[in-house]
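Report on the structure given below.
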Amino acid sequence: MAVRLNKKVLCFVDEYGTAGTASFHLGAVFVLANEAGRLDKCFSDLLEPNANEVHAANMSDGYLQGLLHRLWNNAPQDRVIMLNQKFTAQDGDPPVLYARAVVETVKIGLKRFRTVLGRNTIANVDIITDVNHHNDHPDFMTELDRARLDDGRFKGVNRIVRLDSTASRLLQLADVVAYARKWIVAEELNAQGLRDRFGIEVL
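Numbering (our numbering), first residue to last: 178 to 380.
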């Protein structure tokens with residue numbers, strides 16, 4: 178039973194837009210650590226063998242939608258949760274705003290991930306985020322360390338790792354999940370469409 182309770186959850190987070198502005202969205206992919214390789218392979222197998230980094234802003238919407246649709250059809254749908262959350266424009270220090278957005282999104286994702294684990298408490302979580310000028314700032318980590326001490330479900334987070342997204346296909350997937358909000362803004366798709374076609378929950 179102890180092994181079940183200690184299953185590690187990985188949360189990959191990337192952004193579209195700038196913290197504090199009206200066009201700031203986070204994309205998050207939650208998966209069990211022992212399922213991450215399977216999801217990574219599922220995504221990678223849809224790309225050309227020599228494909229470089231998947232960066233949504235540099236790709237056509239049609240290609241990205243096809244990629245997400247095929248991924249969701251092949252992914253372990255009961256073992257992964259993908260979220261896209263929009264944040265309103267607000268004043269404040271961008272690294273702190275970015276950190277608070279990560280905390281909010283992770284807490285919501287972990288609440289939903291309880292159905293995957295079949296239990297109410299999740300206490301073995303690692304966050305992997307694409308390094309940028311906001312989350313590379315000391316104030317970003319200070320805010321997350323505070324949340325790890327006293328902010329509900331976020332207390333289940335063990336560590337926060339910042340990587341260059343070229344090192345992780347699942348960080349690149351989180352980038353595409355964040356970008357997908359653009360299709361709602363452009364009225365190409367609605368929230369139901371993102372959920373049904375791509376498995377992305379819109380917050």
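Backbone N, C-alpha and C fix where the C-beta goes; we use that ideal spot for every residue, glycine too.
Residue from Ser345, Gly295 and Gly194 whose Cα sits closest to the Cα of threonine 265: Within the sequence shown, residue 265 is the residue found at index 88, counting from 1. Of Ser345, Gly295 and Gly194, the smallest CA-CA separation from threonine 265 is found for Gly194.
Where does threonine 292 land, buried or exposed, given buried means 16+ other C-beta within 10 angstroms? Taking the first residue of the sequence shown as 1, we reach residue 292 at position 115. The residue in question, threonine 292, is exposed, as its Cβ has fewer than 16 Cβ neighbours within 10 Å.
With distances taken from CA atoms, which of Ser345, Trp360 and Glu192 is nearest proline 271? Counting from 1 along the sequence shown, the entry for residue 271 is found at position 94. Among Ser345, Trp360 and Glu192, the Cα nearest to that of proline 271 belongs to Glu192.
Output the boundary residues of the alpha helix (DSSP H) element that contains leucine 244. Position 67 of the sequence shown holds residue 244. Taken as a continuous stretch (DSSP letters only), the alpha helix (DSSP H) holding leucine 244 covers 238-251.
DSSP-derived helix/strand/coil call for glutamine 262: Locating residue 262 in the sequence shown gives position 85, where the first residue counts as 1. Here glutamine 262 sits in strand by DSSP.
For phenylalanine 207, report the span of its alpha helix (DSSP H) as first-last. Mapped onto the sequence shown, residue 207 falls at position 30. Run containing phenylalanine 207: none in the alpha helix (DSSP H); it sits in the beta strand (DSSP E), 201-209.
Going by C-alpha to C-alpha distance, which of Asn250, Tyr275, Val206 and Ala228 sits closest to threonine 198? Residue 198 sits at position 21 when you count from the first residue of the sequence shown. It is Tyr275.
Rounded distance between the beta-carbons of lysine 185 and alanine 210, thought under 8 angstroms: Residue 210 sits at position 33 when you count from the first residue of the sequence shown. Residue 185 sits at position 8 when you count from the first residue of the sequence shown. That belief holds up - the Cβ atoms of alanine 210 and lysine 185 are roughly 4 angstroms apart, short of 8 angstroms.
Strand pairing of glutamate 378, partner residues [DSSP]: Within the sequence shown, residue 378 is the residue found at index 201, counting from 1. Leu260.
Cβ-based neighbour list, glycine 269, same chain, cut-off 8 angstroms, excluding 5 preceding and 5 following: Locating residue 269 in the sequence shown gives position 92, where the first residue counts as 1. Excluding residues within five positions, the ones whose Cβ falls inside 8 angstroms are Gly197.
Is it true that the CB of arginine 256 sits closer than 8 angstroms to the CB of valine 208? Position 31 of the sequence shown, counting from 1, holds the residue named residue 208. Position 79 of the sequence shown, counting from 1, holds the residue named residue 256. Their beta carbons are under 8 angstroms apart, which means valine 208 touches arginine 256 by this criterion.
8 angstroms Cβ cutoff met for arginine 325 and lysine 288: Taking the sequence shown and counting its residues from 1, one reaches residue 325 at position 148. Taking the sequence shown and counting its residues from 1, one reaches residue 288 at position 111. Contact: no.
Closest Cα partner of valine 190 within the set Arg277, Glu212, Trp249 and Asn251: Taking the sequence shown and counting its residues from 1, the one referred to as residue 190 is at position 13. The option with the nearest alpha carbon to valine 190 is Arg277.
Do glutamate 212 and proline 253 count as a contact pair if the criterion is CB distance below 8 angstroms? Counted from its first residue, the sequence shown places residue 253 at position 76. Counted from its first residue, the sequence shown places residue 212 at position 35. Yes, they are a contact pair.
Looking at the structure shown, is asparagine 301 part of a helix, part of a strand, or coil, going by DSSP? To locate residue 301, count along the sequence shown from 1; it is residue 124. Taken through DSSP and simplified to helix, strand or coil, asparagine 301 comes out as coil.
Looking at the secondary structure, which residues open and close the alpha helix (DSSP H) in which phenylalanine 189 lies? Working through the sequence shown from its first residue, we reach residue 189 at position 12. Run containing phenylalanine 189: none in the alpha helix (DSSP H); it sits in the beta strand (DSSP E), 186-193.
Hey, would you say arginine 339 sits closer than 8 angstroms to aspartate 313, going by beta carbons? For the purposes of this step, residue 339 is taken as residue 162 along the sequence shown, with counting starting at 1. For the purposes of this step, residue 313 is taken as residue 136 along the sequence shown, with counting starting at 1. Yes, Cβ-Cβ distance for arginine 339 and aspartate 313 is below 8 angstroms.
At which residues does the beta strand (DSSP E) containing leucine 224 begin and terminate? Within the sequence shown, the letter at position 47 stands for residue 224. Leucine 224: not part of any beta strand (DSSP E); DSSP gives it neither H nor E.
Taking the alpha carbon of alanine 233 as the reference point, which residue from Asn251, Arg323 and Tyr356 has its own alpha carbon closest? In the sequence shown, counting from the first residue as 1, residue 233 sits at position 56. Among Asn251, Arg323 and Tyr356, the Cα nearest to that of alanine 233 belongs to Tyr356.
Since leucine 348 and aspartate 217 should fall inside the 8 angstroms C-beta cutoff, what is the C-beta to C-beta distance between them, to a whole number of angstroms? On the sequence shown, residue 348 is found 171 positions in, with the first residue counted as 1. On the sequence shown, residue 217 is found 40 positions in, with the first residue counted as 1. With a contact defined as Cβ atoms closer than 8 angstroms, leucine 348 and aspartate 217 miss out at about 10 angstroms.
Just verifying my parser: in three-state terms, what is the DSSP assignment at valine 280? Start at 1 with the first residue of the sequence shown, and residue 280 comes out as number 103. Helix.
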